[in-house]
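Report on the structure given below.
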Amino acid sequence: MFTIPPFAQLKAKVGFCTDADAQRSLRANHLNIDDLAALLSPEADKHLEAMAERSADITAQRFGKTTQIYAPLYVSSFCTNRCSYCGFAADNKIERRILSLEEAESEAMLLQQRGFNHILLVSGEAPAKLGVEYLEKLALLLRHRFAAISIEVQPLATEEYARLFAAGITSVAIYQETYDRKTYNKVHLGGMKSDFEFRLDTPARAAAGGMREVGIGTLLGLADWRTEGLALGLHLAWLRKNFWRTAITVSFPRLRPAAGEFEPLCTVTERDLSHLIFALRLFDPDVGIILSTREEARYRNGMIGLGPTRYSAGSCTAPGGYSDPEISGEQFAIGDHRSIQEVCAAIRQKGYDPVRKDWDAGFQLH
Amino acid sequence: MLKIADRTFRSRLFLGTGKFSSAETLKKTIEASGSEMITVALRRVDLNDPADDIMNVLDRDKYLFLPNTSGARDAKEAVRLARLARAAGSGDWLKLEVTPDPRTLLPDPIETLRATEELAKEGFIVLPYMNGDPILALRLQDAGAAAVMPLGAPIGTNLGLITKFQVEIIIDQARVPVIVDAGLGAPSDAALAMEIGADAVLVNTAISVAGDPVKMAAAFAGAVEAGRAAYEAGLGRKSAEASASSPLTGLDFIKT
């Protein structure tokens, strides 16, 4: 089982790095975890330009002149967790909704009409309301119509992941939010999510269940981003060693305004976010990097080709929001309101090919 | 002329279609390459969609469409992909890729052999992507592969023909054509592969990610022709010692 060293220890490791360390790591051919620490350290700040250049080179070589496109599909806003930063938190007074299978299907078909071929099913964590059965049924309804179906829902057991894989789910995203145990306990006030260890072990269970891809990530704005980056690198490297058949993606969502009016515990600027992305790309040339509509159009345009490999587009974070744009009860306010066509046009403008299909859920069926 | 199964090819440069910035660039690149066999990842195209932008670029009267099973993690998945593709009208030709490690995309020898056996039995013309392993090449050939495709280096690395020693043995031993696939980073790498007697090369990343893919495709085409011509002309042996161009010591004194 993966264990994470104390956050303070990791923070000290980043803090001790010198400029010489940063420069050596920037030139290294094969980066290890010490190199990642050096590249995340304040000493590396002045080398951001060089990091960006190398990150862009590696990304083009490994992923080509392409950017993958997907959209989230929120199926339920019911949640038993009390996470102080999240609009879906159990004690927030918002209008709750769970889509019936028919409603979810028609939302999915709307996304398909708009040009999406990869959807991410998202829900709050309320297993009694929305369990494996629901996801399995929905996957069976959608698997022949989409190239890839990912999920971002409550943590499940290995056998449950295997069951969903067989139904056509291709990948699982499960973010630790913060690798700092102290902060974790402070913001996760109740519900299943308040168990740090159980959540930390979830990506491994998803991989063991046979998923093609597992996504990990941290929610930026909770703890020191440099240290989060190093912790994420450790988690990533551990998953690589133990589940060599599983593709890994990382994501660095920055806190957005949401119901409950939570103030970020620390500031993470666009420059910091870019720094994190470049450092992770140099550390792991093959990792998929997701940049969602939490970020603004201007920033997302600028980042095309520099490290991220997958963009969401035209997103709505409230269940039912694609058929009814007036609907309330969103998880958070998004930053990039462009349609898939506009996002694809921006990607083409940069000399990259927006890729909507990169698998076929039908390939993994019997 | 190169012959694979029952088909002949004038060009010995085959092209991969991933990683291009647009279907338009891909189209121009294919033309500049002079290639007659183009491989396409089944995961990337929708064979049932007449508007698929990659498939629309491929004039199937002009080019042999070689679908590949990129993304398959084991023989079962690869066989399933192949059958689905054939059912959708992709034909019998298949580039078999079984790459369980998403990082290196190195081919799994055991699963590749299993899938080759199965697919050859089902009538596919199987071209398996393989590591530089001479015995595996023989086993794949015996299992019914129409050609073997040893890698020069891992996909996308541009490291060149780092498997040269093994590929030379494969070329020596194989009855079926040998196509060096993956890792060739520069036209000189392709020329080298052709000089040592490879029947063809397959290139993707070095062309698609180049500053000017169309120009780079033409450069590879030239290198492949030059390398082939050199192989046919018979290359001189490499030696650490100098030897005079006009020999000073004849063997005239020997009585015949």
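As given, the protein sequences belong to chains A and B, one line each in that order.
Position one of the first sequence corresponds to residue 1 (my numbering), numbered consecutively onward.
Position one of the second sequence corresponds to residue 1 (my numbering), numbered consecutively onward.
Note that beta-carbon positions come from the ideal geometry of N, C-alpha and C, so glycine has one too.
Check	Outcome
Spell out whether any CB of chain A is found under 8 Å from the CB atom of K19 of chain B.	yes
Which chain A residues sit within Cβ distance under 8 Å of L94 of chain B?	Per Cβ cutoff of 8 Å: no residues; L94 of chain B is ~14 Å from chain A at best.
Give me the subset of the region 44-66 of chain A whose CB atoms are less than 8 Å from a CB atom of chain B, sorted by chain position.	A60, Q61, R62, F63, G64, K65 and T66
Verify the CB distance criterion: does Y322 of chain A have a CB-CB separation below 8 Å to chain B?	no
Ordered along the chain, which non-local residues of its own chain (more than five positions away) have a Cβ less than 8 Å from that of A56 of chain A?	G305, L306 and G307
Of all the CB atoms in chain B, is at least one closer than 8 Å to the CB of G215 of chain A?	no
Buried or exposed: where does L235 of chain B fall if 16 or more other Cβ atoms within 10 Å of its Cβ makes it buried?	exposed
In the region 128-161 of chain A, which residue ranges form an unbroken alpha helix (DSSP H) of at least 4 residues, counting only runs that do not cross its ends?	132-142
What residues in the region 57-82 of chain B have a beta carbon less than 8 Å from any beta carbon of chain A?	G71, A72, R73, E77, R80 and L81
Tell me which residues share the same chain as D224 of chain A and place their Cβ nearer than 7 Å to its Cβ, disregarding the 5 neighbours each side in the sequence.	K11 and C266
Taking the C-alpha atoms as reference points, what is the distance between C79 of chain A and P319 of chain A?	13 Å
Tell me the rounded alpha-carbon separation between R62 of chain A and D286 of chain A.	7 Å
On the CB-based measure, 16 or more other CB atoms within 10 Å of its CB, does L251 of chain B come out buried or exposed?	exposed
Figure out for me which residue from B:L84, B:S90 and B:A85 has the closest Cα to the Cα of D59 of chain B.	B:S90
Go through the region 6-78 of chain B residue by residue and report every complete run of the alpha helix (DSSP H) that reaches 4 residues or more, in order.	23-33 and 53-57
Considering only C-alpha positions, which residue in the set A:R298, A:T59 and A:P5 is nearest to V343 of chain A?	A:R298
How is H118 of chain A classed by DSSP in three states: helix, strand or coil?	strand
Quick check on Q341 of chain A - is its C-beta less than 8 Å from some C-beta in chain B?	no
Give me the Cα-Cα distance between W93 of chain B and V209 of chain B, rounded to the nearest whole angstrom.	26 Å
Should R175 of chain B be labelled buried (16 or more other beta-carbon atoms within 10 Å of its own) or exposed?	exposed
Please report the distance separating the alpha-carbon of G124 of chain A from that of V268 of chain A.	25 Å
With a Cβ-Cβ cutoff of 8 Å, do A52 of chain A and F278 of chain A count as a contact?	yes
Among A:L141, A:A60, A:T18 and A:T59, whose alpha-carbon lies nearest the alpha-carbon of P42 of chain A?	A:T18
Which two residues bound the contiguous alpha helix (DSSP H) that contains D181 of chain B?	It is not in any alpha helix (DSSP H) - D181 of chain B instead sits in the beta strand (DSSP E) that spans I179 to D181.
Note down, in chain order, each residue of its chain lying with its Cβ closer than 6 Å to the Cβ of L66 of chain B, except the 5 sequence neighbours on either side.	M37, T39, W93 and K95
How many Å lie between S100 of chain A and G215 of chain A at the Cα?	26 Å
Buried or exposed: which applies to I4 of chain B, given that a residue is buried once 16 or more other Cβ atoms fall within 10 Å of its Cβ?	buried
In whole angstroms, what is the alpha-carbon distance linking G16 of chain B and D61 of chain B?	18 Å
Provide the residue span of the beta strand (DSSP E) that contains W359 of chain A, from first to last.	Premise fails: W359 of chain A is in no beta strand (DSSP E) and is neither H nor E.
With which residues is G190 of chain A paired in a DSSP beta bridge?	A:R82
Identify whether E177 of chain A lies in helix, strand or coil by the three-state DSSP scheme.	strand
For the region 175-195 of chain B, which residues have a beta carbon sitting closer than 7 Å to at least one beta carbon of chain A?	none
Residues of chain A with a CB under 7 Å from the CB of V209 of chain B: which are they?	A60, Q61, G64 and K65
What separation, rounded to the nearest whole angstrom, lies between the Cα atoms of R205 of chain A and R7 of chain B?	48 Å
Between A:E159, A:A166 and A:A37, which has its C-alpha nearest A208 of chain A's C-alpha?	A:E159
Beta strand (DSSP E) containing V203 of chain B: first to last residue?	A200 to V203
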